[in-house]
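Q: In our numbering, the protein residues as written are 349 to 514.
Cβ coordinates follow ideal geometry from the N, Cα and C atoms, glycine included.
Below are the structure tokens for one structure; questions will follow.
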Amino acid sequence: MYALVKTGGKQYRVAKDDTILVERIAADEGAQVILDDVVMLGEGDKVTIGTPTVEGAAVSATVMRQTRGPKIIIFRRKRRKNHRRTQGHRQDLTLLKITDIAEDAKKLAKPAAPKAAAPKKAAAPKTAAAKKTETKAETKKAAPKAAAPKKAAAKKTAAKKAAAKK
């Protein structure tokens, strides 16, 4: 089974276990992403074309890594004026591995959220202890020495020059 997925203004033909490089998607590495903008589904001779998208179809993918594309040099110049400007650009990209294609989005596996909730409770007491030590350190720094006022330097008078004779 394959699908035509639209993301980042481009369309990609994907099948299960494919890896694709798409425009940046705001997700952490290892997170599961659901691409629900499916333009076409196909399996053998059976092809389903959406108008504009296939209703209820979705593609599940895992974020492998966040990366950047190759550097592209932008060079602008104006002839006969010695005016040159060089600029570089690297596009932010996301590497996705397709895990599942489903005609019904409800069949796709949801990411396991309860596992992530348990470590947060254990980490909370550590941050509270760290905040207490920070406040103690701040109170010690709060009493800086008073700086003595500086006296203004006495101005020196310059000797007057004699007028030039003609």
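#1: Run the CB neighbour count on L383, radius 10 Å, all protein chains shown included, and call it buried at 16 or more, exposed below.
#2: Which residue wins for smallest C-alpha separation from V395, given the options I446, D448, L352?
#3: Does the Cβ of T442 have 16 or more other Cβ atoms within 10 Å, making it buried, or fewer, making it exposed?
#4: Throw me the rounded Cβ distance for the A405 and A450 pair, which I believe falls under 8 Å.
#5: For A506, which three-state DSSP category applies?
#6: Report the option in V402, R432, R372 whose CA atom is closest to the CA atom of M412.
#7: Which residues in the same chain as M388 place their Cβ atom closer than 8 Å to its Cβ, once the five residues preceding and following it in sequence are excluded?
#8: Helix, strand or coil: how does DSSP classify K354 here?
#9: Would you call I420 buried or exposed, if buried means 16 or more other Cβ atoms sit within 10 Å of its Cβ?
A: Taking the structure as given:
#1: Taking the sequence shown and counting its residues from 1, one reaches residue 383 at position 35. Buried: at least 16 other Cβ atoms inside 10 Å.
#2: As a first step, residue 395 must be located in the sequence shown, where it is residue number 47. Looking at the Cα atoms, L352 is the closest of the given residues.
#3: Position 94 of the sequence shown, counted from the start, is the residue given in the question as residue 442. Burial call: buried.
#4: The sequence position of residue 405 within the sequence shown is 57, counting from 1. The sequence position of residue 450 within the sequence shown is 102, counting from 1. 7 Å between Cβ atoms; contact.
#5: Taking the first residue of the sequence shown as 1, we reach residue 506 at position 158. It is coil, neither helix nor strand.
#6: Working through the sequence shown from its first residue, we reach residue 412 at position 64. Cα-wise, what sits closest to M412 is R372.
#7: Within the sequence shown, residue 388 is the residue found at index 40, counting from 1. Result list for M388: A351, L352, V395, T396, I397, G398, V402, in chain order.
#8: Position 6 of the sequence shown, counted from the start, is the residue given in the question as residue 354. Here K354 sits in strand by DSSP.
#9: Working through the sequence shown from its first residue, we reach residue 420 at position 72. Under this definition I420 is an exposed residue.
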